[in-house]
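**Q** The structure under discussion is supplied below as structure tokens; questions concerning it will follow.
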Amino acid sequence: MSALTLDLVHGSEADPITGYRAFSLGQFSLRRDEYFATIEWPAKGRRHIHEIPVDYFLRALMRDVAWGFFYGWVNFDNIFGTRNLYGTVEMYAGRYNEGYHGAGLSYVETFEEPEIMATFKAILEDWVNEGFDPFAAPSETSSSVFGVKKGSNLKAIERTRLVTQRMPGIPGDSPLREEASGYSINRQFHDVSQDEPEVIAEPGFEGQLHAFSLFKYLSRSDVTWNPSVTSVCRQSLACPTTEEGMLPIFHGNDRVEWFIQLSDHIVWDVQDKETGRPRATITMRAGDVAAMPADIRHQGYSPKRSMLFVWENATPGLPQLYESGKLPPYPIDF
Ligand code: PHB
Ligand code: FE
66 MSALTLDLVH
76 GSEADPITGY
86 RAFSLGQFSL
96 RRDEYFATIE
106 WPAKGRRHIH
116 EIPVDYFLRA
126 LMRDVAWGFF
136 YGWVNFDNIF
146 GTRNLYGTVE
156 MYAGRYNEGY
166 HGAGLSYVET
176 FEEPEIMATF
186 KAILEDWVNE
196 GFDPFAAPSE
206 TSSSVFGVKK
216 GSNLKAIERT
226 RLVTQRMPGI
236 PGDSPLREEA
246 SGYSINRQFH
256 DVSQDEPEVI
266 AEPGFEGQLH
276 AFSLFKYLSR
286 SDVTWNPSVT
296 SVCRQSLACP
306 TTEEGMLPIF
316 HGNDRVEWFI
326 QLSDHIVWDV
336 QDKETGRPRA
346 TITMRAGDVA
356 AMPADIRHQG
366 YSPKRSMLFV
376 WENATPGLPQ
386 LYESGKLPPY
396 PIDF
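What follows is the structure in structure tokens.
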């Protein structure tokens with residue numbers, strides 16, 4: 066880390082017993098032990114304490130960092146999370162939990178994006194042990210996440226999201242993507258055809274027409290629950306991803322998101338964004354399409370590795386249009 070970002074991080078020395086550092090951000094404090102991340106915040110004249118199993122916490126933290134706080138809300142669980150205000154980031158505890166908020170136990174503080182980002186990266190660096198990959202499916206990584214401090218896994222936590230410059234396979238495409246094409250086929254996708262489409266261009270159009278197999282591409286993804294931008298058409302972002310186990314966050318939408326289930330199935334738990342009250346449970350099977358409304362939070366469960374196409378609308382100003390009610394929270398009236 067540069068000296069500048071280090072200045073933004075408030076961390077203690079390593080704990081003499083567990084080896085982990087503790088951190089603070091404003092009035093929040095965060096520490097870990099062998100099994101839990103503990104978050105404290107001021108409420109009703111005391112420090113309120115909240116525990117999150119450390120594997121859950123680190124998987125959520127990894128997404129928040131890799132996605133630059135994503136769109137809207139990243140709920141680590143039903144108490145703690147971040148809200149992206151694009152430039153600043155809100156950190157909250159209990160604010161979007163009806164019980165906590167109603168009882169006056171919630172707390173919110175807003176940080177400049179570089180400060181919260183530097184702190185989150187420092188936590189990942191210190192709290193992720195050797196052998197644990199917070200992006201991997203739980204059954205594909207080790208349980209070294211638990212216990213006292215043992216090394217680190219910088220390679221896993223510094224993995225950059227693949228963002229193609231052009232369609233995968235076209236000259237000028239991201240060099241990272243080229244590297245990824247060398248990945249092996251995931252154990253659960255051995256039945257996925259590895260054939261690439263044959264492209265026959267009319268004379269004069271050679272080199273301008275291209276196609277690639279998205280299924281082959283996704284069958285080699287080494288991460289789970291990490292949509293990567295695979296094509297950009299103006300503000301329309303195609304973000305396919307491979308999913309296995311549980312989406313490690315409850316994402317609170319600040320815009321409508323579209324899902325196309327490409328293979329297998331995912332069960333979505335859908336709740337009210339503000340209160341966490343249950344709204345729906347949806348099973349999406351291969352071929353199903355859903356528009357996730359702008360006023361919900363959702364968490365997905367994929368019992369077997371599956372392929373999901375996430376379609377995001379990056380139009381500037383969208384969150385304000387939904388927040389003000391100028392746009393309804395769903396895309397169409399039937
Ligand atoms: C979402 O919150 O919409 C989301 C996040 C990560 C995924 C898929 C969907 O992999
Ligand atoms: Fe979402």
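Add 65 to the 1-based position in the sequence shown for my numbering, that's all there is to it.
We put the CB at the ideal spot given by N, CA and C, even for glycine.
What does the alpha-carbon distance come out to for the pair I331 and D72?
**A** Looking at the two C-alpha atoms, the distance is approximately 42 Å.
**Q** Between S239 and the rest of its own chain, which residues show a CB-CB distance below 6 Å, the 5 nearest in sequence each way excluded?
**A** Only T229 and Q230 meet the Cβ criterion.
**Q** Is H113 near the ligand PHB, with its Cβ less than 7 Å from a heavy atom?
**A** Not so, every heavy atom of the ligand PHB lies at least 7 Å from the Cβ.
**Q** So, is I181 buried or exposed, given that buried needs 16 or more other C-beta atoms within 10 angstroms?
**A** The residue in question, I181, is buried, as its Cβ has 16 or more Cβ neighbours within 10 Å.
**Q** Does the distance from the C-beta atom of A187 to that of Y172 stay below 8 Å?
**A** Not closer than 8 Å, so no.
**Q** Relative to the alpha-carbon of T83, which residue among V74, F93 and A102 has its alpha-carbon at the smallest distance?
**A** Ranking the options by Cα distance to T83, first place goes to A102.
**Q** At what residue ranges does the stretch 137 to 198 contain a whole run of the alpha helix (DSSP H), taking only runs of 4 or more?
**A** Qualifying alpha helix (DSSP H) stretches, in chain order: 163 to 167 and 178 to 192.
**Q** Within 10 Å of its beta-carbon, does K338 have 16 or more other beta-carbons around it, so buried, or fewer, so exposed?
**A** Under this definition K338 is a buried residue.
**Q** Can you give the Cα-Cα distance for K220 and S389, rounded to whole angstroms?
**A** Whole-angstrom Cα-Cα distance: 42 Å.
**Q** Please classify F400 as buried or exposed, where buried requires at least 16 neighbouring CB atoms within 10 angstroms.
**A** The structure shown does not extend to residue 400, since the chain is modelled only from 66 through 399, so no value can be given for it.
**Q** Alpha carbon to alpha carbon, how far is F176 from T153? Give it in angstroms, no decimals.
**A** Their Cα atoms are separated by approximately 6 Å.
**Q** What residues in its chain sit with their C-beta under 6 Å from that of F374, if we drop five residues either side in the sequence?
**A** Taken in chain order, the residues that qualify are P305, I325 and L327.
**Q** Counting C-beta neighbours from all protein chains within 10 Å, is the total for Y151 16 or more, i.e. buried, or is it exposed?
**A** Result: exposed.
**Q** Scan the stretch 348 to 386 and note each continuous beta strand (DSSP E) run of 3 residues or more that stays entirely inside, going in chain order.
**A** Fully enclosed beta strand (DSSP E) runs of 3 or longer: 354 to 357 and 361 to 378.
**Q** Express the C-alpha separation of E322 and I235 in angstroms, rounding to a whole number.
**A** Distance between the alpha carbons of I235 and E322 is about 27 Å.
**Q** Please list, in chain order, all residues of the same chain as R344 whose beta carbon is under 7 Å from its beta carbon, the five residues on each side excluded.
**A** Excluding sequence neighbours, R344 sits near V335, Q336, D337 and I361.
**Q** Any contact between the stretch 111 to 131 and the stretch 197 to 208? By contact I mean 3 or more CB pairs, one from each, below 8 Å.
**A** Output reads yes: the stretch 197 to 208 touches the stretch 111 to 131.
**Q** Going by C-alpha distance, which of M232, F277, S217 and F270 is nearest S298?
**A** Note that residue 298 corresponds to Cys in the displayed sequence, not to Ser. Selected option, being the one with the closest Cα: M232.
**Q** Pull the bridge partners of Q336 from the DSSP assignment, please.
**A** DSSP, once it has assigned bridges, lists P343 and R362 as partnering Q336.
**Q** Does DSSP put R86 in a helix, in a strand, or in coil?
**A** In the structure shown, R86 sits in coil (DSSP, three-state: anything other than H, G, I, E or B).
**Q** To the nearest angstrom, report how far apart A183 and E271 are at their CA atoms.
**A** Computed Cα separation, rounded: 46 Å.
**Q** How would you call L312, buried or exposed, if buried means at least 16 neighbouring beta carbons within 10 angstroms?
**A** Buried is the call here.
**Q** With distances taken from CA atoms, which of R285, P262, P107 and N162 is nearest I144?
**A** The residue with the shortest Cα to Cα distance from I144 is N162.
**Q** In angstroms, rounded to a whole number, what distance separates the CA positions of M127 and I222?
**A** Approximately 7 Å between the Cα atoms of the pair.
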